[in-house]
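Structure record follows, encoded as structure tokens.
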């Protein structure tokens, strides 16, 4: 039986240049990826409850506050780990590559949310729930006929002044706003998993 330290040395070499695409860039990246996945598992049932039970009623987005903030912060941490790893290994252009990739733009757009949270904002300020056209929940003129309950990212035009001034606002508007709550989070995680080799 191998000792734990032997396994760690084989999987996570001392020199980053020894990593290849089939391996995680670091144990830190593996741990943070796991943290994102665990936070997503906590967020998803709460999100489903909002959609299935409470969409369109006042204050329902409050329930997603803590797990949503946790997911966003862990994604930002993983993005930083990947960027730092690339920079330390002389691989320039990570930010340009991330921002040109359809899934990577979700990572950049979520920086608006991350920045707001880091400076005292609330993740729920970015999210809105709607009952769609379900009888009893439908507010005339707020949803397309035939649409169901939803929980989506709000447009930047209704966000705080700080969020509206953030450099990532165009990415937020094109790749986060108006989308289902989980969509940009899942796309960001997919991109970062691929980049981190986790």
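In our numbering, the protein residues as written are 9 to 206. We treat Cβ as the ideally placed atom computed from N, Cα and C, and that holds for glycine.
- Counting the other CB atoms within 10 Å of its CB gives residue 77 a total of 16 or more, which places it among the buried residues.
- Distance from the Cα of residue 177 is smallest, within the candidate group 56, 161, 191 and 188, for 161.
- Relative to residue 112, the option among 198, 171 and 172 whose CA is nearest is 198.
- Counting along the chain, residue 158 sits inside the beta strand (DSSP E) bounded by residues 158-161.
- Take the alpha-carbon of residue 128 and the one of residue 203: they are about 29 Å apart.
- Runs of the alpha helix (DSSP H) lying entirely within the stretch 110-134 and spanning at least 4 residues, in chain order: 112-117 and 119-126.
- DSSP links residue 137 through a beta bridge to 159.
- Just measuring C-alpha positions, the residue of 91, 38 and 73 sitting nearest residue 52 is 73.
- In the DSSP assignment, residue 188 is bridged to 160.
- Shown here, residue 85 sits in a helix according to DSSP, grouped into three states.
- In this chain, the alpha helix (DSSP H) harbouring residue 36 covers 35-57.
- Around the beta carbon of residue 119, 16 or more other beta carbons sit within 10 angstroms, so the residue counts as buried.
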